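Comments concern the structure below.
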Amino acid sequence: MKFLFDLFPVILFFAVFKLAGAHPEPAQALALSIGYQADAQHLPVLLATAAAMLATLAQVIWVKLRHGRVDTMLWVSFFLIVILGSATLLLHDETFIKFKPTALYWAFAGALLVSRLLFKRNLVRNLLQELLRKGMEGKLVVPDATWDRFNLAWSVFFMALGGINLYVASHYATDTWVKFKLFGATSMLFAFMLLQILALARYIQPDEKEKN
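Numbering-wise (the numbering used here), the sequence shown opens with residue 184 and increments by one.
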């Protein structure tokens with residue numbers, strides 16, 4: 184469920200983009216009803232950007248009300264989409280919103296590296312331990328050096344994913360980029376996460392109670 188919650192703005196972006204492209208006249212009428220004017224060619228991505236901004240705001244409010252605090256990366260995502268989304272809407276230039284995933288992925292990579300090098304915190308370790316603890320029987324025993332390799336692997340992955348997003352955004356049509364944003368990047372992220380979990384499975388040791 185959390186995975187779908189995290190993807191909510193991306194899914195809504197895709198849905199609004201497709202609906203506005205398939206129904207240009209209602210999309211134009213909707214834009215005019217709120218006093219926003221844009222040419223038909225760019226309107227789908229502009230409406231999708233506005234929808235994603237509202238969805239991310241809704242996420243922040245929901246998390247704050249439900250848990251009392253909003254994690255740092257959700258705040259980063261929120262500020263990025265507010266800044267780049269606003270630039271997209273004001274300038275009618277989709278380049279800004281296309282750069283948003285790259286900025287977010289590179290922010291993730293930077294946070295992983297800076298936290299480890301300057302603050303001696305391994306964020307990947309915290310994340311994966313919490314994720315595995317929920318459905319794991321036994322104890323996860325991983326050497327610190329191995330956790331550091333996992334942390335570095337995630338940093339490199341996010342850097343590469345940000346570069347791939349830039350390549351797709353600059354070399355392919357917007358429709359192709361929108362599909363990649365939801366299906367391509369998400370599939371790559373899910374596959375990499377699965378590989379990491381499988382790699383960690385070898386470090387699971389049975390509880391002493393189970394041995395006895």
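For every residue, glycine included, the Cβ atom is placed at its ideal position computed from N, Cα and C. Being a predicted model, the structure only gives us computed values, none of them experimental.
Beta-carbon contacts of residue i that lie in its chain and below 6 Å, excluding the five residues immediately before and after
i: residue 236; result: 264 and 268
i: residue 352; result: 281 and 360
i: residue 363; result: 351
i: residue 275; result: 221 and 225
i: residue 253; result: 243, 246 and 247
i: residue 393; result: Residue confidence is low: residue 393 scores 49 on pLDDT, short of 50, so the model does not pin down where it sits. Its coordinate-derived value is still stated next. No residues qualify anywhere along the chain.
i: residue 207; result: 223
Residue i classed as buried or exposed, judged by whether at least 16 other C-beta atoms fall within 10 angstroms
i: residue 346; result: exposed
i: residue 185; result: exposed
i: residue 373; result: exposed
i: residue 255; result: exposed
i: residue 313; result: exposed
i: residue 302; result: exposed
i: residue 183; result: Residue 183 falls outside the range modelled here, since the chain spans only 184 to 395, and no answer is possible.
i: residue 440; result: Because residue 440 is not part of the residues shown, which for the chain are 184 to 395, the question remains open.
i: residue 410; result: The structure shown does not extend to residue 410, since the chain is modelled only from 184 through 395, so no value can be given for it.
Cβ-based neighbour list, residue i, same chain, cut-off 7 Å, excluding 5 preceding and 5 following
i: residue 200; result: 227, 228, 231 and 361
i: residue 239; result: 192, 260, 261 and 264
i: residue 204; result: 227
i: residue 279; result: 267, 270 and 271
i: residue 379; result: 311 and 333
i: residue 365; result: 193, 194 and 197
i: residue 395; result: Note that residue 395 scores a pLDDT of 46, beneath 50, so its modelled location is shaky and nothing firm can be said.
i: residue 375; result: 340
Nearest neighbour of residue i, chosen from the options [CA to CA]
i: residue 218; options: 380, 255 and 272; result: 272
i: residue 344; options: 259, 215 and 283; result: 283
i: residue 188; options: 354, 309, 206 and 257; result: 257
i: residue 194; options: 367, 380, 382 and 385; result: 367
i: residue 322; options: 190, 207 and 387; result: 387
i: residue 324; options: 205, 389, 196 and 223; result: 389
i: residue 214; options: 198, 197 and 234; result: 234
i: residue 382; options: 277, 349 and 315; result: 315
i: residue 277; options: 349, 375 and 377; result: 349
Nonlocal neighbours in the same chain, by C-beta distance under 8 Å from residue i, ignoring five residues either side
i: residue 250; result: none
i: residue 341; result: 288, 289, 291, 292 and 295
i: residue 304; result: 298
Neighbour flag for residue i against chain B, beta carbons, 8 Å
i: residue 345; result: Among the chains of the structure shown, chain B does not appear; only one protein chain is present.
message: I'd like to know if the stretch 286-295 and the stretch 336-343 are in contact, where contact means that at least 3 CB-CB pairs between them fall below 8 Å.
response: Touching, per the Cβ criterion.
- prompt: Quick one: complete alpha helix (DSSP H) runs, 4+ long, within the stretch 212-276?
  reply: Within the stretch 212-276, the runs of alpha helix (DSSP H) that reach at least 4 residues and sit entirely inside it are, in chain order, 226-250 and 255-274.
- prompt: Three or more beta-carbon pairs under 8 Å between the stretch 304-311 and the stretch 321-332, yes or no?
  reply: Judged by Cβ distances under 8 Å, the stretch 304-311 makes contact with the stretch 321-332, as three or more pairs qualify.
field: Entirely enclosed alpha helix (DSSP H) segments - the stretch 325-395, minimum 4 residues
entry: If we require 4 residues or more, the alpha helix (DSSP H) runs fully inside the stretch 325-395 come out as 327-354, 357-362, 368-384 and 391-394.
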